[in-house]
Each structure stands twice: as C-alpha cells, then as structure tokens.
Amino acid sequence: MSSPMTPGIAAARLPSETVETNFADLHEPLAPHEAAVAADRCYFCHDAPCMTACPTSIDIPLFIRQISTGTPEAAAKTIFDQNILGGMCARVCPTEELCEQACVRETAEGKPVEIGRLQRYATDTLMAKQSHPYERAATTGKRVAVVGAGPAGLACAHRLAMLGHDVVIYDAMPKAGGLNEYGIAAYKSTDAFAAREVSWLLGVGGINIENGMRLGQNLSLDTLKDENDAVFLAVGLGGVNALRVSGEDLDGVSNAVDFIKELRQSSDLSSLPVGRDVVVIGGGMTAVDAAVQSKLLGAQNVTIAYRRGQDGMSASQYEQDLASSKGVRLMFNLQPVAVHGDGAVREMEFEYTTDDGTGLKGTGEKIRIAADQVFKAIGQTLDTDGGLEISGRKIAVSGAGRTSAQGIWAGGDCASGGDDLTVTAVAEGRDAAMDIHATLMGGN
Amino acid sequence: MADLTTNFLGITSPNPFWLASAPPTDKEYNVRRAFEAGWGGVVWKTLGAEGPPVVNVNGPRYGAIYGADRRLLGLNNIELITDRDLQTNLDEITRVKADYPDRAVIVSIMVPCEEDAWKAILPKVAATGADGIELNFGCPHGMAERGMGSAVGQVPEYIQMVTEWCKKYYDKPVIVKLTPNITDIRNPAQAAKAGGADAVSLINTINSITSVDLDAMAPQPTIDGKGTHGGYCGPAVKPIAMNMVAEIARDPRTHGLPISGIGGVTTWRDAAEFMALGCGNVQVCTAAMTYGFKVVQEMISGLSQWMDEKGYKSTSEFIGMAVPNVTDWQYLNLNYVAKAKISQDDCIKCGRCYAACEDTSHQAIAMSEDRTFTVKDEECVACNLCVDVCPIENCITMEPMSPGEVDPRTGKVVEDAYANWTTHPNNPASVAAE
C-alpha cells in the first residue's frame with residue numbers, strides 16, 4: 002500500500018473505501034421530500050429565462066410544476082421531449098452558467114431553483130421504471146447512418162428512430178456513449194449511468210449500433226452516403242493538441258483525455274496509478290476533471306497551470322471552486338516552456354505571461370514545478386474531416402447541421418459553432434434529425 | 020413596552036390570546052401547559068350533559084390543505100365535544116382556575132335545546148369558579164345531526180331562547196359562539212344580543228370536505244372507506260371570519276356588542292387585524308395545533324412591538340379602529356384612480372405580472388425583448404392582480420393619481436370630489452346630485 006507521499010506514479014495511494022467515497026455522486030440525488038421542497042421554489046415564470054438559457058429549450062417551469070404536483074414521470078416526459086439525454090445533462094450540465102444562472106431566484110436571492118437536481122429527480126424516476134416513454138412512428142423505409150454514438154449521435158438517432166427511420170450508429174469505441182462514457186468526471190456519472198442511459202434510449206427501437214467502426218479507417222463516408230438516405234456525422238474531436246515543448250515525450254506525460262478514459266473504464270479505481278506531484282496544463286473542463294480526479298485518487302499535490310488569467314478559463318467558476326475545494330492548486334498566466342526529467346518527468350518549467358491587450362506574451366520570468374505526472378489538456382482537434390468543408394478547424398455546418406455535401410449533416414463537438422457541451426451536442430443532434438426528416442420526407 | 024392586559028366582559032387576562040374550545044383545551048394537562056407557555060386564557064373544550072359521554076371515531080379526525088412547503092393552511096376536523104366524563108372536566112376546571120386566577124377560563128357548553136338541560140348544567144359550571152361560559156352553537160358536524168351545535172346556531176330564535184335560559188340560570192358572562200354556515204351572520208348575532216348575550220364569538224368551523232382519496236374514492240379523513248363533512252379552520256378561513264366579524268361590528272343593530280374573534284389567527288398580525296375590526300380578543304386553535312403552545316410567544320412579542328411602534332398603550336386603544344372604514348361597495352369613491360407601478364430596481368423579471376395581466380386581466384403590462392416589464396397606464400384599471408401575483412413584496416405598487424391629472428385610460432380628468440355609485444349616471448337608481 003502506497004500513500005499520497007509515495008514518489009513517482011503509484012497505485013493505491015488511498016484505501017479503497019476512501020477512493021470509493023471520493024468518487025461517489027458529486028450531488029446526492031434528491032429524495033422525494035427534498036424534491037418537493039426544491040420544486041416549491043419555482044415561480045413558474047412567464048416565458049421563463051431558464052428555458053431560454055437551456056440549449057435544448059426544456060420547458061423547465063412546466064416540468065418543475067409536474068414534480069411539485071406528484072407526477073415526476075410526466076416531468077421527465079417534458080424533459081425528454083426536448084432532450085433525450087436529459088438524465089446525463091442533469092448530471093453534467095454547467096447549470097450555474099445556463100438555466101440556474103438565468104433563474105429569477107438567482108436575481109432575487111442568489112439561490113436559484115435547483116433545476117439540475119430536479120431534472121435528475123424526474124429523469125431518474127422515469128428511467129428507474131425502465132419504461133421507454135416513446136413509441137416509433139410507422140416505418141418510413143428510409144435509412145440513416147449516424148457516425149459517433151456520443152450525445153449528438155444518440156440524440157439524432159433517437160429522434161430519427163422515433164420518426165420511423167431506420168438508424169445504424171457506427172462508433173469507433175467498444176462501448177457507445179462517447180464522452181458520456183469515456184470523458185466526464187466519474188463522480189458525475191456514477192453507477193454506469195452512461196451505459197444505462199444508452200440502453201434505455203435504445204428502447205425506442207429501430208437503432209442498431211456497430212462498434213469498432215472508425216471513419217477514415219474501416220468506414221468510408223462515400224460508402225455510407227451511397228448506402229443510406231442520409232448521414233449524420235458526430236465523431237467528436239479525436240485528436241489532442243500537443244505542447245510542442247522539449248521533453249514532451251518523457252514518461253509520465255500524457256493526454257488528460259486518455260487518463261480520464263482509462264479512469265472511467267477502470268473497475269477498481271484504487272488500482273489506478275497516479276503521480277504524487279501532478280501538473281495539469283490547460284484551463285477547460287477536461288483540465289479540471291483530470292486534476293480533481295487525480296486528487297481524489299490520492300495525489301499529494303495537484304496543480305492546474307493555465308496560460309491566461311483566471312477570467313480566461315473556460316471551466317466555470319463552479320468547476321474552479323470544486324477543484325479548489327478538493328485541494329487542487331490553480332495557477333494562472335503560466336505557459337509551458339519545457340518538461341524536465343531523466344527518462345521520466347521530474348519538473349515542469351513555465352514562463353509567466355501577461356496580456357496587455359495585444360496578445361499573450363511571456364515575461365521572461367520562469368518557474369519550475371515538481372511533477373512526476375503531467376496531463377495535457379490544451380484542447381482537442383478534429384482527426385478526420387471526411388473531405389468536407391472546414392470552418393475554424395471543425396466541419397463547417399449551416400442551418401440545422403448541414404455540411405458542404407448534400408445528404409450529410411454534422412453536429413456535436415466535430416461541427417462548427419456550439420459550446421462543446423453535452424447539452425448543445427444533444428440540441429444539434431436533435432435539430433439535425435428534424436432537418437433530415439424534413440428533407441427525406443419532403444417529397445411525400 | 021405596551022400593556023397587553025385585556026379586559027373582555029370584565030374578565031381580565033394578561034394578553035388577548037385565548038385558546039379556543041377545541042382539542043388543545045380538553046384536559047387539565049394541556050391547559051396547564053398552555054398557561055405555562057403564556058396563553059392569556061382558554062375556552063375549555065365543550066362539555067355535554069351529564070351521563071354517558073359522546074364517543075369519537077377511532078380513525079383519522081383531521082384533514083388538511085397545504086400551501087407551499089407543506090405548510091398547513093387549512094385543517095378540518097370531525098371530532099365531537101369532549102368525550103370525557105362531565106364531573107372529571109368540572110373537577111379539572113376547578114383546580115386549574117384556582118391555580119391560575121389571573122388567566123381567563125371560560126367553559127364551552129353544548130346540551131340539548133331544552134331548558135332543563137341548561138338549568139341542570141349551569142350551576143355545576145358556576146361552581147368551578149370559571150369566569151364565564153361560551154355556548155357552542157357552531158359545530159357543524161356530528162352534534163348538529165343530533166339537534167345541537169350549528170343546528171341551533173342556524174335558527175336565530177333558538178339562539179335567543181337558549182341565551183335567555185343561560186342568562187336566567189347563570190350570572191357570569193355568557194358568550195354565544197356563532198356558526199358561519201349561514202347566509203347572513205348578522206341575524207344570529209342579533210338574536211344572541213336580544214337574548215341577553217354579553218358577547219358573541221366567531222367563527223366556528225366551516226362545513227367542508229378537504230380532499231378526496233383518489234385511490235379509495237372517498238373523502239378524507241376516511242374512516243373505513245367513508246368520510247363525512249367536517250369543520251374547516253386555520254389560516255384559510257381568516258378572510259371569511261374577518262368579514263363576518265366586520266359585518267357584526269358595523270351593523271347598527273349589533274354595533275358595540277363585544278366580539279371574541281376566531282378563525283385562522285396564526286400570528287400577532289392576524290390578531291391585530293381581528294381586533295382592529297372590533298374584536299376585544301382573539302381565540303386561537305389551529306396555530307397551536309400546528310406549532311404547539313409556544314407559538315403564543317411570537318404573538319405576544321409581535322403585538323407588543325407593533326403597539327409600541329404605533330404608540331398604543333393598551334389594546335383598547337386600537338380595538339375597532341378599522342370598523343368605520345368598512346363600508347358597502349356602493350359607497351366606494353369612484354373618482355379615486357390608481358395605476359400600477361413596477362419598480363425596476365426590485366423586479367426580478369419573472370413575468371408573472373405579465374402573464375396574469377395579459378391572459379386574465381386588462382393587457383396593461385408590456386414586456387420588452389430584454390424582459391423589462393412596464394405598466395401601460397392607458398390600459399391599467401388598477402385591479403391589483405399584478406401586485407397579488409408578484410413574488411417580491413412592494414415591487415409593484417398602486418400609485419393614486421392626483422386630482423387634475425388626466426387618466427390616460429379614460430381620457431378624463433381625475434376629480435378631487437368623492438363620488439360613488441349611488442349618484443353615478445350609469446346607475447338606474449341614482450339620485451342626481453343637487
């Protein structure tokens with residue numbers, strides 16, 4: 002048994018019970034009484050700001066009222082009508098920047114209605130009944146290929162299947178779910194929720210998933226286009242940006258997304274090795290997820306180093322506070338200069354930066370931080386464009402996900418626009434499905 | 020600090036908060052606890068005639084209406100009068116009154132509508148040393164089926180007759196408790212006065228079914244599959260009670276008749292409102308049943324603070340002060356014009372005022388792209404619905420227009436002079452102002 006102070010990268014830094022507790026649900030589900038009290042606070046606003054703030058436009062006042070009148074199943078239906086992944090979104094949405102930020106009680110009291118937790122209460126209630134709430138329309142005979150079984154692909158496939166189309170989802174990974182399954186901090190999706198949600202979603206029927214199919218390798222866009230009436234690309238961002246500094250290939254330097262992926266698939270977290278001194282480079286959600294989870298596994302010192310100032314971080318204030326509360330040190334205006342070590346990383350060297358309005362500049366002052374594990378979280382990139390037009394390093398789309406090629410739509414992180422959130426991916430998948438449907442059925 | 024000592028019918032109590040005749044006052048044990056908690060007086064739970072006592076159901080006796088966060092807003096009950104032996108009650112009343120000479124102890128009585136029945140029980144009650152009696156002409160369930168309670172209270176002639184018997188056989192104050200289950204409360208009040216009552220107390224509970232069990236398809240409380248109507252009380256009945264109190268207080272036939280106010284008194288403010296409408300004191304039940312006897316401490320401190328702030332040295336200084344301002348609709352000033360005003364600083368942009376006005380009233384609130392809500396004076400009739408639905412107190416106010424200004428809704432100049440419906444040209448029965 003090692004401890005947080007064991008040098009190098011080591012497993013079992015904390016007793017397994019402690020790790021288990023650390024990775025329990027970040028937010029306990031609401032009990033029925035708690036849900037009633039929380040729902041009671043909703044004012045049932047007219048043209049509610051929370052609803053406007055929701056990328057999937059869930060009718061939040063209505064579903065909360067349905068909870069408060071004792072019909073959480075009806076509430077869940079209201080949610081799923083707009084967002085079939087409402088269960089996952091209830092767990093991972095940055096509600097503090099979306100619906101709850103817009104809540105008038107945030108204005109009035111600084112304490113918004115707990116919309117995210119109420120959404121989880123409703124969706125958990127319905128999903129626990131194992132009843133898939135939608136029935137497919139009569140089959141249309143149309144066939145649509147969806148590439149990528151992440152939030153955008155699943156949302157698109159579900160809506161298409163509901164409308165009577167036959168859908169095949171091709172996914173590169175062994176399990177469906179995309180970032181819900183392989184990304185996202187484990188404490189936000191406990192008890193294999195991502196997998197359970199996929200299997201519940203497939204309950205609508207009409208959707209087949211083929212795993213291990215990667216676009217550009219064993220899957221060709223041209224073939225897909227030929228064999229289907231439409232194609233929806235939701236391949237996400239498979240590539241990872243490099244640091245481009247010396248020592249990047251030392252042992253102990255890896256991509257944060259790979260660490261998270263491994264962590265999410267681990268059946269025994271206490272056996273997962275983690276460094277004593279972990280440095281995470283980046284300022285987004287992936288950086289926070291990697292840092293916090295390193296800490297929860299027992300790393301003694303975890304630092305997030307971000308090249309810009311705090312206000313430039315794309316991780317929300319809530320996520321930053323979460324990291325701080327778990328003991329992660331947040332450092333700003335640090336850009337990586339070199340990775341030092343002999344075989345394995347020992348130190349990260351940074352240069353301080355300033356931004357006087359003309360762009361980020363190094364100040365010349367350097368700092369070294371002890372590190373036996375470094376996670377790179379400085380952004381992901383599209384790894385296959387299928388020969389489509391590109392905009393801002395993503396597949397260019399217009400309207401409801403239409404790409405430059407007729408018959409091919411795209412959505413989620415791989416497509417231009419959007420905030421790279423689960424909830425925006427769902428909205429894009431759903432809207433593309435409606436556009437595909439309208440296009441395919443236009444002649445009828 | 021204000022002196023809360025109250026003199027009601029010559030009965031003094033350290034404060035105007037009495038416990039109403041009900042389960043909290045059924046036993047010596049409870050009443051002693053109530054007095055220790057600070058209650059000014061009690062009306063002992065209704066005694067019946069000598070002999071085998073009544074029996075109560077052994078299933079649920081209460082039903083409830085909830086507000087936000089499951090706050091109890093209304094309670095209904097199907098409990099009858101005391102189901103304990105008469106002599107036990109009398110002995111307990113005697114002991115309690117002896118130990119608490121400064122508190123008011125009133126005995127509620129309900130016996131059959133026969134002179135002998137009243138003649139028999141009144142000397143026994145007098146012997147307890149209690150300060151007075153209250154005639155229970157109000158209970159709407161159970162006892163009414165046996166010709167007592169509200170069955171008496173609904174017939175003014177019976178009220179007068181029984182009151183007369185009581186004044187004949189009992190020499191301390193007689194309070195007549197009225198039922199609200201009647202079309203015009205002024206008639207039974209007048210009958211009580213004609214019978215010589217020293218005061219009336221009101222309201223007793225309102226006939227009600229609080230809820231229906233949709234699985235059992237039966238009203239609640241449900242006893243072995245069946246339910247019955249019960250007496251409704253608690254905060255929900257306060258507006259009904261206050262109107263009835265005010266009707267009696269301002270009726271020339273009963274004006275000045277002492278009133279003990281009952282019906283949903285939950286806070287010091289409720290008590291002050293009842294008293295402003297002419298009540299010499301108030302009786303409380305549901306608040307105590309919901310929160311326990313300690314709740315009286317807030318009533319005492321709150322009323323004291325308010326009286327100090329207003330400069331009232333004793334309760335008698337404000338009792339009845341609102342009565343002259345209760346009038347008939349026809350005398351309301353039709354020349355008074357107000358407009359809603361929304362404070363943008365206080366507005367949290369929930370839009371409830373907009374939804375209420377746009378969907379159900381006068382389309383007098385505008386909503387901008389950025390959710391700024393403003394009143395359209397040319398449409399606003401000052402109905403107050405926006406104020407009532409706004410979650411923020413004082414965010415929307417009704418601002419009176421000044422005489423000489425032009426009401427943009429009607430295009431007419433706001434007049435300084437008072438004018439009501441009786442002289443309005445649209446009134447076919449109007450009398451032209453000379």
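In order, the protein sequence lines correspond to chains A and B. Under the numbering used here, the first residue of the first sequence carries the number 2, and numbering increases by one thereafter. Under the numbering used here, the first residue of the second sequence carries the number 20, and numbering increases by one thereafter. We treat Cβ as the ideally placed atom computed from N, Cα and C, and that holds for glycine.
Output needed for A75/A: all residues of its chain with C-beta closer than 7 Å, excluding positions within five of it in sequence on either side, in chain order. Answer for A75/A: Q67, listed in chain order.
Own chain, CB closer than 6 Å to N23/A, minus 5 neighbours either side, in chain order: The residues are L297.
Using a threshold of 8 Å, state whether the C-beta atoms of A109/A and A77/A are closer than that. Contact flag unset, no.
Please confirm whether R369/A and F333/A have their CB atoms less than 8 Å apart. Not closer than 8 Å, so no.
Can you look up A170/B in the DSSP assignment and give me helix, strand or coil? In the structure shown, A170/B sits in a helix (DSSP, three-state: H, G or I).
Using DSSP with H/G/I as helix, E/B as strand and the rest coil, what is V254/A? V254/A falls in the strand class under three-state DSSP.
Kindly list, in the order they appear in chain B, the residues whose Cβ is closer than 7 Å to that of Y44/A. For Y44/A, the residues of chain B that pass the 7 Å Cβ criterion are C369, R371, P410, in the order they occur in the chain.
Residue range of the alpha helix (DSSP H) that includes F27/B: From DSSP, F27/B is part of no alpha helix (DSSP H) but of the beta strand (DSSP E) over 25-27.
By Cβ distance below 7 Å, which residues in the same chain neighbour M420/B in space, the five residues on each side in sequence not counted? V356, A357, K358, D426, V433, listed in sequence order.
Under the three-state reduction of DSSP, which class applies to D232/B: helix, strand or coil? Look at D232/B here: in three-state DSSP terms it is strand.
A374/B touches chain A at which residues, Cβ-Cβ below 7 Å? Result: H47.
Look up C455/A in the DSSP assignment and say whether it is helix, strand or coil. Outside the shown range of chain A (2 to 445) lies residue 455/A, about which nothing can therefore be said.
Less than 6 Å between C-beta atoms, sequence neighbours within five positions excluded: which residues of the same chain meet that for C304/B? If we look at C304/B and ignore the five residues flanking it on each side, its Cβ neighbours are A39, A41.
Shorter than 8 Å from the beta carbon of D232/B to some beta carbon of chain A? Closer than 8 Å: no.
Mapping DSSP to helix, strand and coil, what is N445/A? For N445/A, the pLDDT reaches just 47, beneath the cut-off of 50, and the residue's location in the model is therefore unreliable, although a value from the coordinates is still provided. If DSSP states are grouped into helix, strand and coil, N445/A belongs with coil.
Could you tell me which chain B residues have their CB closer than 7 Å to the CB of V38/A, listed as they occur along the chain? The contacting residues are D88.
Counting only beta-carbon atoms, is A150/A nearer than 8 Å to chain B? Answer no: the Cβ-Cβ gap between A150/A and chain B never drops below 8 Å.
Bridge partners - T355/A, DSSP secondary structure assignment: Beta-bridge pairing links T355/A to K362/A.
Given this structure, state the Cα-to-Cα distance separating C405/B from T346/B, to the nearest angstrom. A direct Cα-to-Cα measurement between C405/B and T346/B gives close to 25 Å.
Any heavy atom of the ligand NAP closer than 7 Å to the Cβ of V398/A? No copy of the ligand NAP occurs in the structure displayed, which carries no ligand at all.
Extent of the continuous beta strand (DSSP E) run through A146/A: Where A146/A is concerned, the enclosing beta strand (DSSP E) stretches over 144-148.
Check whether the region 243-250 of chain A touches the region 334-344 of chain A, counting contact only when three or more Cβ pairs, one atom from each stretch, lie closer than 8 Å. Because the criterion of three Cβ pairs below 8 Å is met, the region 243-250 of chain A and the region 334-344 of chain A touch.
What is the C-beta distance between A378/A and A257/A, in whole angstroms, given that I count them as a contact (C-beta under 8 Å)? That belief holds up - the Cβ atoms of A378/A and A257/A are roughly 4 Å apart, short of 8 Å.
So V256/B packs on I222/B, CB below 8 Å; how close in whole Å? Right, the Cβ-Cβ distance comes to about 7 Å (below 8 Å), so this counts as a contact.
Could you tell me which of E266/B, N413/B, T101/B, V174/B sits nearest to S362/B, measuring between CA atoms? Considering only alpha carbons, the answer is N413/B.
So, is the C-beta of D290/A closer than 8 Å to a C-beta in chain B? Not closer than 8 Å to any Cβ of chain B, the Cβ of D290/A fails to qualify, so no.
Interfacial residues, the region 98-119 of chain A to chain B, with Cβ spacing under 7 Å: Here the close residues are V105, T108, A109.
Which chain B residues are close to D41/A, counting only those with a beta carbon under 7 Å from its beta carbon? Residues of chain B with a Cβ closer than 7 Å to the Cβ of D41/A are, in chain order, A87, D88.
CB of V219/B within 8 Å of CB of I125/B, strictly: In this structure, I125/B does not lie closer than 8 Å to V219/B by Cβ.
Can you check whether the C-beta of R390/B is within less than 8 Å of a C-beta belonging to chain A? Yes, R390/B counts as interfacial toward chain A.
Helix, strand or coil: which one does DSSP assign to Y135/A? DSSP, reduced to helix, strand and coil, places Y135/A outside both helices and strands of the structure shown, so it counts as coil.
Name, please, each residue of chain B whose Cβ falls closer than 8 Å to the Cβ of P50/A. Neighbours of P50/A in chain B, taken as residues whose beta carbon is under 8 Å from its own, are K368, R390 in chain order.
6 Å CB neighbourhood of P79/B in its chain, flanking five on each side removed: By the criterion of a C-beta distance shorter than 6 Å, P79/B is surrounded in its chain by P240, once the five residues flanking it on both sides are discounted.
Cβ contact check for the region 374-392 of chain A and the region 409-420 of chain A: 3 or more pairs under 8 Å: The count of Cβ pairs closer than 8 Å, one atom from the region 374-392 of chain A and one from the region 409-420 of chain A, reaches three, so the stretches are in contact.
Have a look at V281/A and S315/A and give me their C-alpha separation to the nearest angstrom. The alpha-carbon atoms of V281/A and S315/A are separated by roughly 15 Å.
Any beta carbon of chain E sitting closer than 8 Å to that of D45/B? The question asks about chain E, but that chain is absent: this structure's protein chains are A and B.
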